[in-house]
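Contents: one structure, followed by commentary.
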Amino acid sequence: MKIALGTDHAGYKMKEVIKAHAMNKGYQVIDFGTDSEEAVDYPDYCRPAAESVAKGECEYGVVFGGSGNGEAMVANKVPGVRCGVCWNVESARLAKEHNNANMIALGERMISLEEGIKIVDAWLNAEFQGGRHQKRIDKIALAERNTC
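Reading the sequence shown from the start, the letters are residues 16 to 163 in the working numbering.
Given below as structure tokens:
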């Protein structure tokens, strides 16, 4: 499985920790940067990561920043992406189980690096429940087609 990663300077440390963890678990990681804590603009790195998920080049993606909010906003502008901001294990699990999130956003200023690993693991190990949740995902896709 391929996982896309993208971050600005504020999420760089967490990206590097998650990258190493994912690779140790056998995932293939495509790192869209950034490559340091030097100030950069998150859309330049998060959008390409999201586009790789939308195109099917990567199955999942994780974007990082200070809070994760702006990064999720950028990712969610890409048709076909459903990115949830996750600040704990429960929100990550539900993002997959109920929303079939193919991306998540993490805020390095909001959670510890250790919690970030737990969040990513919970999200990757969760499964979409379908059923009553599928009709909502279908409505998201319909709204996306009508506005893009």
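Glycine included, each C-beta is placed from N, C-alpha and C at the ideal position. None of the values given here were measured: they were computed from a predicted structure.
Cβ neighbours of residue i in the same chain (closer than 6 Å, five flanking residues each side left out)
i	result
residue 63	47
residue 16	42, 74
residue 58	89
Nearest candidate by alpha-carbon position, reference residue i, set the options
i	options	result
residue 102	93, 124, 88, 58	124
residue 99	75, 28, 118, 33	118
residue 40	148, 136, 154	136
residue 122	148, 95, 84	84
residue 65	86, 54, 80	86
residue 18	34, 28, 80	34
residue 31	108, 78, 106	78
Residues of its chain near residue i, where Cβ-Cβ distance is below 7 Å and the 5 sequence neighbours each way are ignored
i	result
residue 143	111, 112, 115
residue 104	133, 134, 137
Residue i, buried or exposed, once every other Cβ within 10 Å from all chains shown has been counted against 16
i	result
residue 20	buried
residue 155	exposed
residue 23	buried
residue 145	exposed
residue 67	buried
residue 151	exposed
residue 107	buried
residue 71	exposed
residue 29	buried
Beta-carbon proximity list for residue i, same chain, < 8 Å, skipping 5 on both sides
i	result
residue 159	94, 95
- Query: Which whole runs of the beta strand (DSSP E) in the region 26-51 are 3 residues long or more, in chain order?
  - Reply: You should have 43-46.
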